[in-house]
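Visitor: Taking numbering that gives the first Met the number 0, the leading residue of the sequence shown gets 0, the next gets one more, and so forth.
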Amino acid sequence: MQRLKNILGKILKLLFKHQKIAITAVAFMLIGLLRFVTFHVDAFNPVAKGLKGFSTTDIFYDMMLASPADTCRSIVIVDITQLHSRDSIASVLEELDALEPAAIDIDVVFEHPKEPVGDMHLVQVAATLSNAVFSFKMMDPDHERNEFTRQAHSFFATELGLNEGFVNVDRRMMRSIPLCLEMQGKTYPSVIAKMLEVIQGKPFDYQHHRKHLINYEPTVFRVIPYDSIQHNAEHIRGHIVIFGGAYESVDMHYTPIGQMHGTNVLAYALKTMLEMKQQINCTGILFWLITIVLSYISVCIIMAYKDKTAKMGNEVLGDILRTIFVTSLFVFLLMSVFMSIAFMLFATWRINFDLTPTLTVMALTTTAADIVRITIKHTYIK
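#1: In the DSSP assignment, the beta strand (DSSP E) including residue 132 goes from what residue to what residue?
#2: Assign residue 67 to one of two classes, buried (16 or more other C-beta atoms within 10 Å of its C-beta) or exposed (fewer than that).
#3: Just to confirm, is the Cβ distance from residue 154 to residue 110 under 8 Å?
#4: Restricting to Cα atoms, I'd like to know which of 23, 18 and 19 is closest to residue 357.
#5: Could you give the distance in angstroms between the alpha-carbon of residue 363 and the alpha-carbon of residue 219?
#6: Residue 222 and residue 76: beta carbons closer than 8 Å?
#7: In whole angstroms, what separates the C-alpha of residue 373 from that of residue 270?
#8: If you follow the alpha helix (DSSP H) that residue 267 is part of, which residue opens it and which one closes it?
#9: Quick one: Cα of residue 172 to Cα of residue 188, how far?
#10: Which residue from 347, 377 and 365 puts its Cα closest to that of residue 325?
#11: Classify residue 290: buried if its beta carbon has 16 or more other beta carbons within 10 angstroms, exposed otherwise.
#12: Skipping 5 residues on each side, what residues in its chain have a beta carbon closer than 8 Å to that of residue 102?
#13: Three Cβ pairs or more, each shorter than 8 Å: is that satisfied between the segment 174-184 and the segment 230-250?
#14: Is the beta carbon of residue 298 less than 8 Å from the beta carbon of residue 27?
#15: With DSSP as the reference, please indicate the residues paired to residue 397 in a beta bridge.
#16: Are the CB atoms of residue 20 and residue 338 nearer to each other than 8 Å?
#17: Measure from the C-beta of residue 253 to each C-beta in chain C and report whether the shortest distance is under 8 Å.
#18: Which same chain residues, not among the five before or five after residue 158, have their C-beta less than 8 Å away from its C-beta?
#19: Per DSSP, what kind of secondary structure is residue 117 in: helix, strand or coil?
#20: On a CA-only basis, which of 310, 265, 348 and 312 is nearest residue 280? Give me that one, please.
#21: Using the C-alpha atoms, what's the distance from residue 134 back to residue 328?
#22: Just the C-alpha distance for residue 254 and residue 308, rounded to the nearest angstrom, thanks.
#23: Since residue 253 is in the beta strand (DSSP E), which residue starts that stretch and which ends it?
#24: For residue 292 and residue 18, which I take to be in contact (beta-carbon distance under 8 Å), what is that distance rounded to the nearest angstrom?
#25: Buried or exposed for residue 35, please, with buried defined as at least 16 other CB atoms from any protein chain shown within 10 angstroms of its CB.
#26: Using only CA atoms, which one of 63, 61, 62 and 108 lies nearest to residue 242?
#27: Taking the continuous beta strand (DSSP E) assigned at residue 73, which residues delimit it?
#28: How would you call residue 380, buried or exposed, if buried means at least 16 neighbouring beta carbons within 10 angstroms?
#29: Taking the CB atoms as reference points, tell me whether residue 136 and residue 151 lie closer together than 8 Å.
#30: Taking only three categories from DSSP, how would you classify residue 155?
#31: Could you pull the start and end residues of the alpha helix (DSSP H) that residue 106 belongs to?
#32: If you check the beta carbons only, do residue 64 and residue 217 fall under 8 Å apart?
#33: Kindly list the residues whose CB is nearer than 7 Å to the CB of residue 312, restricted to its own chain and excluding five residues on each side of it in sequence; keep chain order.
#34: For a minimum of 4 consecutive residues, which ranges assigned as the alpha helix (DSSP H) are wholly contained in the segment 277-313?
#35: Which of the three DSSP states is assigned to residue 127 in this structure?
#36: Could you tell me the distance, in whole angstroms, from the CA atom of residue 233 to the CA atom of residue 209?
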């Protein structure tokens, strides 16, 4: 028992030292200074944009890419990238509907009449689709009022009373999917919200559930060419179908696992909503309390390494271990340990804790320690 008390006493003595507290505080001050310069000096605008678009979940998803991706069994994509005739599109929709899929997300907006025969055929088919959701676009955003001012619908939407949802997504880093947007005081549901209504057979409360983080756990979505529908009937019957251009070069989006076509983003979003694998994000006061504690512990570990190497009996080995290169390797290994723990929490329980401030403190610990040492050396306190 006494031995345990002695060990705890040494740990507490190691942790609670004024110099280490000062180093941690200076490291946070340096972070604040760097952040201020990055976001307020024009020359650093590209850096600021990069930092705004960064999250540790990007690293976690990238780590997941090392494992084989599962093939989604509930959602398939029917690709019509090379299909430009509306008459042909209508025929493919007829063929698709005959196989009785669970729901069809039509990721195309037929904004204007284009070809009389094809348009008529398309309208006739659209009128028979009972489990399809058509897309429309929210247009011309008013950034001051934070809403859109115009919509683009398929030309036959009003006539047929189509079941519609907007298909807008953020053109920046796609981390979440909007489930509703405002326009002139009215709330409009997204295509994902309307698809959930079709699949689940009940209204979706999108007004109180306005957006949702997308789970980008690497998944393969089966892509079926428009001319191979019958050959893939078993993958369509009873499944959810996203009908659109799977390889449209103009419909590319940035995601935590790289650039992705819009249909794939919608597939990930729909899969997320069906599985309801919501991330648990640590934010607010709790986040900063944990960050300060973790940062202080990391400072103590790094400073303990520096103290230990300074007192080594072998002077040559001690000098080598104290070099910037070897010290940086030690700090990198410590960062890797912290990231591995955070990754396990994310992969197992979807607990997302942003380690960015803590990792930055680790990187700045040596500089902060030098500032504290120089300050103590050249400051005379009476």
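C-beta atoms are modelled at their ideal positions from N, C-alpha and C, and glycine is treated no differently. Source: prediction; values computed, not measured.
Guide: To lay it out plainly:
#1: Taking the first residue of the sequence shown as position 1, residue 132 is located at position 133. Residue 132 -> beta strand (DSSP E) spans 131-141.
#2: By one-based count along the sequence shown, residue 67 stands at place 68. With fewer than 16 Cβ atoms within 10 Å of its Cβ, residue 67 is classed as exposed.
#3: To locate residue 154, count along the sequence shown from 1; it is residue 155. To locate residue 110, count along the sequence shown from 1; it is residue 111. Contact: yes.
#4: For this step, residue 357 is matched to residue 358 along the sequence shown. Across the set 23, 18 and 19, the C-alpha of 23 shows the shortest separation from the C-alpha of residue 357.
#5: Mapped onto the sequence shown, residue 363 falls at position 364. Mapped onto the sequence shown, residue 219 falls at position 220. In a straight line, the C-alpha of residue 363 is about 40 Å away from that of residue 219.
#6: By 1-based counting over the sequence shown, the position of residue 222 is 223. By 1-based counting over the sequence shown, the position of residue 76 is 77. In this structure, residue 76 lies closer than 8 Å to residue 222 by Cβ.
#7: Your numbering for residue 373 matches position 374 in the sequence shown. Your numbering for residue 270 matches position 271 in the sequence shown. One C-alpha to the other measures close to 56 Å.
#8: Within the sequence shown, numbered from 1, the residue matching residue 267 stands at position 268. Annotation for residue 267: the continuous alpha helix (DSSP H) segment containing it runs 261-274.
#9: Within the sequence shown, the letter at position 173 stands for residue 172. Within the sequence shown, the letter at position 189 stands for residue 188. So the two alpha carbons sit approximately 21 Å from each other.
#10: Position 326 of the sequence shown, counted from the start, is the residue given in the question as residue 325. Comparing Cα positions, the closest option is 365.
#11: Here residue 290 corresponds to residue number 291 of the sequence shown, with the count starting at 1. Residue 290 is buried by the Cβ-count criterion.
#12: Along the sequence shown, read from residue 1 onward, the residue named residue 102 stands at position 103. Excluding its 5 nearest sequence neighbours in each direction, residue 102 has C-beta neighbours in its own chain below 8 Å: 130, 131, 132, 194, 197, 198, 239 and 240, listed in chain order.
#13: Taking 8 Å as the limit for Cβ pairs, the verdict is that the segment 230-250 does not touch the segment 174-184.
#14: For the purposes of this step, residue 298 is taken as the residue at position 299 of the sequence shown. For the purposes of this step, residue 27 is taken as the residue at position 28 of the sequence shown. Contact annotation: residue 298 and residue 27 have beta-carbon atoms that are not nearer than 8 Å.
#15: As displayed, the chain neither begins before 0 nor continues past 381, which places residue 397 out of reach and without an answer.
#16: Taking the sequence shown and counting its residues from 1, one reaches residue 20 at position 21. Taking the sequence shown and counting its residues from 1, one reaches residue 338 at position 339. In this structure, residue 20 lies away from residue 338, with their beta-carbon atoms at least 8 Å apart.
#17: Here chain C cannot be found, since the structure has a single protein chain.
#18: Your numbering for residue 158 matches position 159 in the sequence shown. 122, listed in sequence order.
#19: Locating residue 117 in the sequence shown gives position 118, where the first residue counts as 1. Three-state result, residue 117: helix.
#20: Locating residue 280 in the sequence shown gives position 281, counting from the first residue. Residue 280 has its Cα closest to that of 348, out of 310, 265, 348 and 312.
#21: For the purposes of this step, residue 328 is taken as residue 329 along the sequence shown, with counting starting at 1. For the purposes of this step, residue 134 is taken as residue 135 along the sequence shown, with counting starting at 1. Taking the straight line joining both Cα atoms gives about 52 Å.
#22: Translated into the one-based positions of the sequence shown, residue 254 becomes position 255. Translated into the one-based positions of the sequence shown, residue 308 becomes position 309. Computed Cα separation, rounded: 43 Å.
#23: Start at 1 with the first residue of the sequence shown, and residue 253 comes out as number 254. Note, residue 253: beta strand (DSSP E), 251-254.
#24: Reading the sequence shown from its first residue, position 293 is the one you call residue 292. Reading the sequence shown from its first residue, position 19 is the one you call residue 18. By a beta-carbon distance limit of 8 Å, residue 292 does not contact residue 18. Their separation comes to about 18 Å.
#25: Here the question's residue 35 lines up with position 36 in the sequence shown. Residue environment analysis places residue 35 among the exposed positions, since fewer than 16 neighbouring C-beta atoms fall within 10 angstroms of its C-beta.
#26: Position 243 of the sequence shown, counted from the start, is the residue given in the question as residue 242. Of 63, 61, 62 and 108, the residue nearest in Cα terms is 108.
#27: Start at 1 with the first residue of the sequence shown, and residue 73 comes out as number 74. Under the DSSP assignment, residue 73 falls in the beta strand (DSSP E) whose first and last residues are 69-78.
#28: Indexing the sequence shown from 1 puts residue 380 at position 381. Low confidence applies to residue 380: its pLDDT is 47, below 50, so where it sits in the model is not reliable enough to give any reading.
#29: Mapped onto the sequence shown, residue 136 falls at position 137. Mapped onto the sequence shown, residue 151 falls at position 152. With respect to the 8 Å criterion, residue 136 and residue 151 are classified as neighbours on the basis of their beta carbons.
#30: Counting from 1 along the sequence shown, the entry for residue 155 is found at position 156. In this structure, residue 155 counts as coil in the three-state DSSP scheme.
#31: To locate residue 106, count along the sequence shown from 1; it is residue 107. Here residue 106 belongs to no alpha helix (DSSP H), and DSSP marks it neither H nor E.
#32: Here the question's residue 64 lines up with position 65 in the sequence shown. Here the question's residue 217 lines up with position 218 in the sequence shown. Yes, Cβ-Cβ distance for residue 64 and residue 217 is below 8 Å.
#33: As a first step, residue 312 is located in the sequence shown; it is residue number 313 there, counting from the start. Result list for residue 312: empty, nothing under 7 Å.
#34: Complete alpha helix (DSSP H) runs here, min 4: 283-309.
#35: On the sequence shown, position 128 is the one that residue 127 refers to. Reduced to three states, the DSSP call for residue 127 is coil.
#36: Counting from one through the sequence shown, the residue named residue 233 turns up at place 234. Counting from one through the sequence shown, the residue named residue 209 turns up at place 210. Each residue's Cα considered, the two are about 34 Å apart.
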